[in-house]
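Structure record follows, encoded as structure tokens.
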Amino acid sequence: MLRKTVSALAIAIAVSASAVAADKAFSPYVDGHGGISLPKDFRTGWTHLGSWVIDQEGAPGQGFHDVYARPSDAAAYRKTGHWPDGATLVKEIRAVEHGVKTTGTGVWAGDNKVWFVMVKDSKGRFADNASWGNGWGWALFDAKAPGKNASTDFHKDCETCHVPAKATDWVFVEGYPTLRH
Ligand code: HEC
């Protein structure tokens with residue numbers, strides 16, 4: 002009897018462990034519960050899609066924004082006009098520096114502040130996780146604690162602001178010349 006219970010328990014544990022195992026074929030940045038981590042190599046190995054500068058004191062997005070996607074995701078978008086499943090977008094926000102250069106009065110990127118990450122999911126894999134919805138996983142990482150997603154609910158933290166980009170799958174593609182042919 003005890004043996005049976007123990008082996009049933011072992012099976013239950015094995016099943017639940019496999020249910021939460023990350024699907025690496027889907028994304029190396031997403032665990033089995035839909036937890037999103039910050040990709041490390043985007044600045045050196047990914048495709049730079051474009052930049053935004055919000056240079057207005059006190060604006061919610063004040064900073065120098067650079068947006069990156071993996072080369073394969075950017076190529077797929079250029080080809081099809083859609084993001085493939087697992088496509089990952091990283092927006093890095095840095096401080097805006099100002100100064101006179103020999104070229105003119107310049108603005109450039111200073112220290113890291115935060116990173117925003119979106120991971121494409123057309124299948125609704127993590128319906129129970131409030132960081133997922135509208136076809137994407139949504140995450141925010143602070144430079145002071147880059148190991149942890151600081152956002153727990155994309156409806157609250159992300160969705161409203163992205164409504165103007167709803168028709169282009171929630172992505173502000175007008176700012177990304179690299180996605181155009
Ligand atoms: C204050 C409004 C606002 C909030 C809040 C916001 N976003 Fe955005 N996001 C934008 C705008 C506008 C852009 C494009 C222009 C820019 O960067 O200023 C953008 C761009 C992005 C990009 C680059 C790709 C794209 O969609 O163009 C990512 C990735 C991103 N946001 C993720 C997130 C995530 C994840 C959250 C929540 C944790 C979030 N954003 C919250 C307004 C917002």
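For the sequence shown, position 141 matches number 142 in the numbering used here, and the numbering has no gaps at all. All C-beta atoms, glycine included, are put in the ideal place defined by N, C-alpha and C. Here the structure is a predicted model, which is why all the values come from computation and not from measurement.
- A check of alpha carbon separations from Val174 across Ser52, Gly138 and Gly87 identifies Ser52 as the nearest.
- An exposed status is given to Ile55, since fewer than 16 other beta-carbon atoms sit within 10 Å of its beta-carbon.
- A Cβ-Cβ distance of about 5 Å is found for the pair Phe142 and Trp116, placing them in contact under the 8 Å criterion.
- Residue pairing for Lys121: DSSP places it in a beta bridge opposite Trp137.
- Comparing alpha carbon positions, the residue from Glu58, Gly33 and Ala168 closest to His99 is Glu58.
- Only residues of its own chain outside the window of five on either side were considered, and among them Tyr30 have a CB closer than 6 Å to the CB of Ser38, listed in chain order.
- By the Cβ neighbour-count rule, Lys102 is exposed, with fewer than 16 other Cβ atoms within 10 Å of its own.
- Note on geometry: alpha-carbon atoms of Ala22 and Ala151 lie some 22 Å from one another.
- Remark: the C-beta of Ala140 is in contact range of the ligand HEC, defined as less than 7 Å to any heavy atom.
- For His49, the CB stays at least 7 Å from every heavy atom of the ligand HEC.
- When the beta-carbon positions are compared, Thr89 and Asp67 stay at least 8 Å from each other.
- Between Asp122 and Gly136, the gap from beta carbon to beta carbon is short of 8 Å.
- As a beta-bridge residue in DSSP terms, Lys102 pairs with Gly105.
- Excluding sequence positions up to five before and after Ala70, its CB lies within less than 7 Å of the CB of Trp47, Thr48, Leu50, Ala88, Thr89 and Leu90, all in the same chain and listed in chain order.
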